[in-house]
Amino acid sequence: MIKIPDLHVQSDLLVVKKQKKRYCPVYFQKEDIERELRKASKSSKGSALSKQIMVGSLEDVLKKMEINDRNSGWDDLIFIPPGKSLNQHINEVSA
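So the sequence shown is residues 1423 to 1517, counted in our numbering.
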């Protein structure tokens, strides 16, 4: 698999709400988001979850985060380091 450092992957199906905060995870590796989608699929008995992956440019995401208003939803993004799970990383940053 070719790694392209300026791309990210994201799925709306993995958005988490915890302690009145909304977390919209952004991944850097396809394998990481696929693993999380499999977990979500098992817990919700869904079958089409893997078709909900969005791929985009990290540069575009950072620009949009910079220029958008505080409550626009762009400040809900959380970047998940490669190899970490969504819950593990959210627990670390929200502690």
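Every residue, glycine too, gets a C-beta built ideally from N, C-alpha and C.
| Query | Result |
| --- | --- |
| Contacting residues, own chain, Cβ-Cβ under 6 Å from Leu-1499 (five flanking each side not counted) | Cys-1446, Val-1448 |
| Burial state of Glu-1514, where buried means 16 or more other Cβ atoms lie within 10 Å | exposed |
| Check whether Lys-1443 and Ser-1516 have beta carbons under 9 Å apart | yes |
| Backbone CA spacing between Ile-1502 and Glu-1453 [nearest angstrom] | 12 Å |
| Closer than 8 Å: Ile-1512 CB and nearest the ligand COA heavy atom | Questions concerning the ligand COA fall outside what the structure shown contains, since it holds no ligand whatsoever. |
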